[in-house]
Amino acid sequence: MTKVLMKGNEAVGAAAIAAGCRFFFGYPITPQNEIPEYMSRELEKAGGVFVQAESEVAAINMVYGASGSGARVMTSSSSPGIALKQEGISYIAGAELPCVIVDMMRGGPGLGSIQPAQGDYFLATRGGGNGDYRMLVLAPANVQELVDLVIEGFDLADFYRSPVMILGDGMIGQMMEPVEFKTETKHDLPVKDWATVGTGGKRKPNIINSLYLQAEDLENHNIKLQKKFAKMRENEKRVETYNTKDADLVLTAYGTTSRIAKTAISKLEKEGYKVGLIRPISLYPFPNEAYEEIGENVKAVLTIEMSAGQMIDDVRLSLNGKIPTYFYGRTGGMVPTPEEIVDKVKEILGGDK
Amino acid sequence: MAIVFEKTKGLTDKPTHYCPGCTHGIIHRLVAEAMVELGVLDNAIGVAPVGCSVLAYDYFNCDMQQAAHGRAPAVATGIKRVHPDNFVFTYQGDGDLASIGTAEIVHVAHRGEKFSTIFVNNAIYGMTGGQMAPTTLIGQKATTSPYGRDEATTGKPIRMSEMLATIDGAAFVERVAVNTPANIRKAKKAILECFKVQLEGRGFGIVEVLSTCPTNWGITPVEAMKWLENNMIPYYPLGNFKKPGEVE
Numbered sequence: 004m005t006k007v008l009m010k011g012n013e014a015v016g017a018a019a020i021a022a023g024c025r026f027f028f029g030y031p032i033t034p035q036n037e038i039p040e041y042m043s044r045e046l047e048k049a050g051g052v053f054v055q056a057e058s059e060v061a062a063i064n065m066v067y068g069a070s071g072s073g074a075r076v077m078t079s080s081s082s083p084g085i086a087l088k089q090e091g092i093s094y095i096a097g098a099e100l101p102c103v104i105v106d107m108m109r110g111g112p113g114l115g116s117i118q119p120a121q122g123d124y125f126l127a128t129r130g131g132g133n134g135d136y137r138m139l140v141l142a143p144a145n146v147q148e149l150v151d152l153v154i155e156g157f158d159l160a161d162f163y164r165s166p167v168m169i170l171g172d173g174m175i176g177q178m179m180e181p182v183e184f185k186t187e188t189k190h191d192l193p194v195k196d197w198a199t200v201g202t203g204g205k206r207k208p209n210i211i212n213s214l215y216l217q218a219e220d221l222e223n224h225n226i227k228l229q230k231k232f233a234k235m236r237e238n239e240k241r242v243e244t245y246n247t248k249d250a251d252l253v254l255t256a257y258g259t260t261s262r263i264a265k266t267a268i269s270k271l272e273k274e275g276y277k278v279g280l281i282r283p284i285s286l287y288p289f290p291n292e293a294y295e296e297i298g299e300n301v302k303a304v305l306t307i308e309m310s311a312g313q314m315i316d317d318v319r320l321s322l323n324g325k326i327p328t329y330f331y332g333r334t335g336g337m338v339p340t341p342e343e344i345v346d347k348v349k350e351i352l353g354g355d356k
Numbered sequence: 008m009a010i011v012f013e014k015t016k017g018l019t020d021k022p023t024h025y026c027p028g029c030t031h032g033i034i035h036r037l038v039a040e041a042m043v044e045l046g047v048l049d050n051a052i053g054v055a056p057v058g059c060s061v062l063a064y065d066y067f068n069c070d071m072q073q074a075a076h077g078r079a080p081a082v083a084t085g086i087k088r089v090h091p092d093n094f095v096f097t098y099q100g101d102g103d104l105a106s107i108g109t110a111e112i113v114h115v116a117h118r119g120e121k122f123s124t125i126f127v128n129n130a131i132y133g134m135t136g137g138q139m140a141p142t143t144l145i146g147q148k149a150t151t152s153p154y155g156r157d158e159a160t161t162g163k164p165i166r167m168s169e170m171l172a173t174i175d176g177a178a179f180v181e182r183v184a185v186n187t188p189a190n191i192r193k194a195k196k197a198i199l200e201c202f203k204v205q206l207e208g209r210g211f212g213i214v215e216v217l218s219t220c221p222t223n224w225g226i227t228p229v230e231a232m233k234w235l236e237n238n239m240i241p242y243y244p245l246g247n248f249k250k251p252g253e254v255e
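First to last, the protein sequences are chains A and B. If you count the first sequence from 1, you need to add 3 to reach the working numbering. If you count the second sequence from 1, you need to add 7 to reach the working numbering.
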């Protein structure tokens, strides 16, 4: 298949359609507007439906209804809009409905800025809404990976009956790179016999619901959900590692920031430093083993984020005090430069090469 | 012996949790009967709200989804867009539809979504224990208007049907009551007409049903029927606000 040059946000739309998504409900917010714009242009041609909702709250509840009716469905937004969707995401997780949610993160808190940021890590990986739930959170670092994760995200959503979040940022949404669309399914997907499609007079009614008024029933439901999250932790950890055995220091970063870290590593290597990288691709489940397997000679781990430090909590939990951890982050839409990272590494290692 | 009346197949056999004298039971029956009479029960998908009728998903004998508070119209939009040939309805109370869900109900009317809404207005929050609703009457006592609703600080009761009737995409809007046998018959007729508007693909339809809440009004069921007639109907006039013209 030939590659085409596409902007990240438009590639999300094309990937969703390639994956069989035929329903999209969204609301405008920068820097992800090219996703709903693409879907409004292309989805109907593929026999699908695009609805511009009156709000992010309405959009995510339309996703609930469509998913509960058996459809492959997606919504997208950026940080403040994703905050608004949390009510619906919690209901979707509670009712065990599959869908793909794209968050092209921008600066915060509040209205923040429209520049790229990574301040939604907690919101995404901890289950941003009420109650005990998690969802699969996948963080692409380039447009091809964005396409691949959106396509696989639909399969994972159907397989686990769970929302899947694609966590990008304004930079990955706006950049153009060559991509191709591969749609082979890796999972045997279950039949959606739970969906509301009308009984046809042939079976008892299907009910899509997250309400359990009896405490013991709700606890049992939670135990079932926790087993599902444990299965995700067992099977869905994804990570890219580089030179984590022999390095003096290991950088760790996800998404856009990991690319800047790679540039910093090249610069440092030219100066004789040995620096490794751990790039989590799945943020939930977090690939903790990659940190546990770091070589004994590694003196420190430096976490780089476009936030004041969120993923570093998971890095610390994974390292469990084994190695000193450091943090370097920029916020508000400021993007760290490779030079800043190089300086921070030199500061940590001192003269140690 | 000939059967002159039997329970509709549109309802399950599950006993309802509604208080004695509550009119949700009557309204459930009317909705269920209408679905059976129109032959749509087997392809119906309903949406239950948050509020007293949250458990409607256990009572209607068709596929159901339970929606977040006020969001039933958005959920129904998702359902109907996936299954345009299914019969889709929401069943919502006045806290759900006239307060937290105003944006959702206004915009399904605005988009002319082709489903039907049953809006049960009892002028109070029932499930949470009798708090003031946007529909609570001036002077009416509620647990959050203990001295009676004060217009100066809380405004006047909101008339949803009149407001929705101003929106082009709302094809059918009617307000009915279930306080007398005659009114119950009229309510049934309005629900049937509203559902037909959906089946004909003519736009969004809503029937507002004035209902009682003896428990939270603090009066007997019989007194509640009278209170509805003497206080609610004068402020919330019954009748059709909008219906599609004859088919050309």
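Just so it is clear, CB atoms sit at the ideal spot from N, CA and C, and this is done for glycine as well.
Applying the criterion that 16 or more other CB atoms from any shown protein chain within 10 Å of the CB defines a buried residue, is Leu2(A) buried or exposed? Look at the range of chain A in this structure, 4 to 356, and you will see that residue 2(A) is not part of it.
Near Ile165(B), what residues of its chain come up, given a Cβ to Cβ distance below 7 Å and the 5 sequence neighbours on each side ignored? Position 158 of the second sequence, counting from 1, holds the residue named residue 165(B). Its chain contains Ala105, Pro141, Thr142 as the residues whose beta carbon lies nearer than 7 Å to that of Ile165(B), once the 5 sequence neighbours on both sides are disregarded; these appear in chain order.
Contact check, Phe211(B) vs Ala177(B), beta carbons under 9 Å: Stepping through the second sequence from its first residue, residue 211(B) is reached at position 204. Stepping through the second sequence from its first residue, residue 177(B) is reached at position 170. At a Cβ-Cβ threshold of 9 Å, Phe211(B) and Ala177(B) count as neighbours.
Would the beta-carbon of Thr202(A) fall within 9 Å of that of Pro208(A)? If you number the first sequence from 1, residue 202(A) lands on position 199. If you number the first sequence from 1, residue 208(A) lands on position 205. In contact: Thr202(A) and Pro208(A) (Cβ atoms closer than 9 Å).
When the Cα of Phe162(A) is compared with those of Val338(A), Lys205(A), Gly73(A), Asp249(A), which residue comes out closest? Counted from its first residue, the first sequence places residue 162(A) at position 159. Ranking Val338(A), Lys205(A), Gly73(A), Asp249(A) by Cα distance to Phe162(A) puts Gly73(A) first.
May I have the straight-line CA-CA distance separating Val127(B) from Val11(B), to the nearest angstrom? Taking the first residue of the second sequence as 1, we reach residue 127(B) at position 120. Taking the first residue of the second sequence as 1, we reach residue 11(B) at position 4. Rounded to whole angstroms, Val127(B) to Val11(B) spans 28 Å at the Cα level.
Using a C-beta cutoff of 9 Å, does Phe179(B) count as contacting chain A? For the purposes of this step, residue 179(B) is taken as the residue at position 172 of the second sequence. No, no contact with chain A.
When you compare the CB of Gln99(B) with every CB in chain A, is at least one pair closer than 9 Å? In the second sequence, residue 99(B) corresponds to position 92, counting from 1. Judged by the 9 Å Cβ criterion, Gln99(B) is not in contact with chain A.
Does any CB atom of chain A fall closer than 9 Å to the CB of Ala81(B)? Indexing the second sequence from 1 puts residue 81(B) at position 74. For Ala81(B), a Cβ of chain A is located within less than 9 Å of the residue's own Cβ.
Which residues in the same chain as Gly71(A) place their Cβ atom closer than 6 Å to its Cβ, once the five residues preceding and following it in sequence are excluded? Taking the first residue of the first sequence as position 1, residue 71(A) is located at position 68. If we look at Gly71(A) and ignore the five residues flanking it on each side, its Cβ neighbours are Leu100, Thr199, Ile211.
Short of 8 Å Cβ to Cβ, which residues in the segment 41–62 of chain A face chain B? Hits within the stretch, in order: Val52, Val54, Ala56, Glu57, Ser58, Val60, Ala61, Ala62.
Under DSSP, the beta strand (DSSP E) around Ala51(B) begins and ends at which residues? Within the second sequence, the letter at position 44 stands for residue 51(B). Taken as a continuous stretch (DSSP letters only), the beta strand (DSSP E) holding Ala51(B) covers 51–55.
Rounded distance between the beta-carbons of Met309(A) and Val278(A), thought under 8 Å: Numbered from its first residue, the first sequence carries residue 278(A) at position 275. Numbered from its first residue, the first sequence carries residue 309(A) at position 306. Val278(A) to Met309(A), Cβ: 20 Å. No contact.
Using Cβ-Cβ distances below 7 Å, what residues of the segment 16–47 of chain B are close to chain A? From the segment 16–47 of chain B, no residue has a Cβ closer than 7 Å to chain A.
Assign Gln229(A) to one of two classes, buried (16 or more other C-beta atoms within 10 Å of its C-beta) or exposed (fewer than that). As a first step, residue 229(A) must be located in the first sequence, where it is residue number 226. It counts as exposed.
For the alpha helix (DSSP H) containing Asn190(B), name the first residue and the last one. Your numbering for residue 190(B) matches position 183 in the second sequence. Where Asn190(B) is concerned, the enclosing alpha helix (DSSP H) stretches over 188–206.
Give me the Cα-Cα distance between Glu255(B) and Val113(B), rounded to the nearest whole angstrom. In the second sequence, residue 255(B) corresponds to position 248, counting from 1. In the second sequence, residue 113(B) corresponds to position 106, counting from 1. Here Glu255(B) scores only 45 on pLDDT, less than 50, and its place in the model should not be relied on; the value that follows carries that caveat. In this structure, the straight-line span from the alpha carbon of Glu255(B) to that of Val113(B) is close to 28 Å.
Chain B contact for Leu126(A) (CB, 9 Å cutoff): Along the first sequence, read from residue 1 onward, the residue named residue 126(A) stands at position 123. It does not: the Cβ of Leu126(A) has no partner Cβ on chain B nearer than 9 Å.
Using the three-state DSSP reduction, which class does Thr135(B) fall into: helix, strand or coil? In the second sequence, residue 135(B) corresponds to position 128, counting from 1. In the three-state DSSP reduction, Thr135(B) falls in the coil class, being neither helix nor strand.
Could you give the C-beta distance for His31(B) and Cys69(B), rounded to a whole number, given that I count them as a contact under 8 Å? Indexing the second sequence from 1 puts residue 31(B) at position 24. Indexing the second sequence from 1 puts residue 69(B) at position 62. 17 Å between Cβ atoms; not a contact.
Nearest CA to the CA of Asn237(B): which residue from Thr15(B), Leu144(B), Lys163(B)? On the second sequence, position 230 is the one that residue 237(B) refers to. Of the candidates Thr15(B), Leu144(B), Lys163(B), the one whose C-alpha sits nearest the C-alpha of Asn237(B) is Leu144(B).
Report the residue from Thr244(A), Glu342(A), Lys248(A) whose alpha carbon sits nearest the alpha carbon of Tyr257(A). Stepping through the first sequence from its first residue, residue 257(A) is reached at position 254. Selected option, being the one with the closest Cα: Thr244(A).
What does the Cβ neighbour count give for Ala63(B), buried or exposed, with the cut at 16 atoms within 10 Å? Translated into positions along the second sequence, residue 63(B) becomes position 56. With 16 or more Cβ atoms within 10 Å of its Cβ, Ala63(B) is classed as buried.
Within 9 Å, strictly: CB atoms of Asn12(A) and Pro31(A): Counting from 1 along the first sequence, the entry for residue 12(A) is found at position 9. Counting from 1 along the first sequence, the entry for residue 31(A) is found at position 28. Result no, Cβ atoms of Asn12(A) and Pro31(A) do not sit closer than 9 Å.
If we cut at 9 Å on Cβ distances, does Tyr132(B) have a partner in chain A? In the second sequence, counting from the first residue as 1, residue 132(B) sits at position 125. No, Tyr132(B) does not count as interfacial toward chain A.
What number of angstroms, rounded off, separates the C-alpha of Leu214(A) from the C-alpha of Asn223(A)? As a first step, residue 214(A) must be located in the first sequence, where it is residue number 211. As a first step, residue 223(A) must be located in the first sequence, where it is residue number 220. Distance from the CA atom of Leu214(A) to the CA atom of Asn223(A), rounded to whole angstroms, is 12 Å.
Going along the segment 59–90 of chain B in order, which residues come within less than 7 Å of chain A, judged by CB to CB distance? In summary, the residues of the segment 59–90 of chain B whose CB is separated from some CB of chain A by less than 7 Å are Val61, Tyr64, Asn68, Cys69, Asp70, Met71, Gln72, Gln73, Ala74, Ala75, Arg78, Ala81, Val82, Ala83, Thr84, Gly85, Ile86, Arg88, Val89, His90, in the order they occur in the chain.
Give me, in chain order, the residues of the same chain whose beta-carbon lies closer than 7 Å to that of Lys234(A); leave out the 5 immediate sequence neighbours on both sides. Your numbering for residue 234(A) matches position 231 in the first sequence. Cβ neighbours of Lys234(A) beyond the five flanking positions: none.
Give a yes or no on whether the C-beta atoms belonging to Ala267(A) and Gly298(A) are separated by under 9 Å. As a working mapping, residue 267(A) is identified with position 264 in the first sequence. As a working mapping, residue 298(A) is identified with position 295 in the first sequence. No, these two residues do not count as a Cβ contact at 9 Å.
How many angstroms separate the CA atom of Ile226(A) from the CA atom of Cys201(B)? On the first sequence, position 223 is the one that residue 226(A) refers to. On the second sequence, position 194 is the one that residue 201(B) refers to. Approximately 43 Å between the Cα atoms of the pair.
For Glu215(B): DSSP bridge partner residues: Taking the first residue of the second sequence as position 1, residue 215(B) is located at position 208. Looking at the DSSP assignment, Glu215(B) forms a beta bridge with Phe126(B), Arg182(B).
As a quick exercise: from Ile326(A), Val15(A), Gln121(A), pick the residue whose alpha carbon is nearest that of Leu286(A). Within the first sequence, the letter at position 283 stands for residue 286(A). A check of alpha carbon separations from Leu286(A) across Ile326(A), Val15(A), Gln121(A) identifies Gln121(A) as the nearest.
8 Å contact criterion, which Gly204(A) and Asp20(B) should meet: CB distance rounded: For this step, residue 204(A) is matched to residue 201 along the first sequence. For this step, residue 20(B) is matched to residue 13 along the second sequence. Their Cβ separation, rounded to whole angstroms, is 17 Å, which puts Gly204(A) and Asp20(B) out of contact at 8 Å.
For chain A, find out if any of its Cβ atoms is closer than 9 Å to the Cβ of Arg260(B); answer yes or no. Here chain B covers residues 8 to 255 and nothing more, so residue 260(B) does not appear.
Name, please, each residue of chain B whose Cβ falls closer than 9 Å to the Cβ of Glu90(A). Here residue 90(A) is taken as the residue at index 87 of the first sequence, counted from 1. Within 9 Å of the CB of Glu90(A), the CB atoms of chain B belong to Ala75, His76, Arg78, in sequence order along the chain.
Residues bridged to Glu308(A) (per DSSP): Locating residue 308(A) in the first sequence gives position 305, where the first residue counts as 1. Residue pairing for Glu308(A): DSSP places it in a beta bridge opposite Gly332(A).
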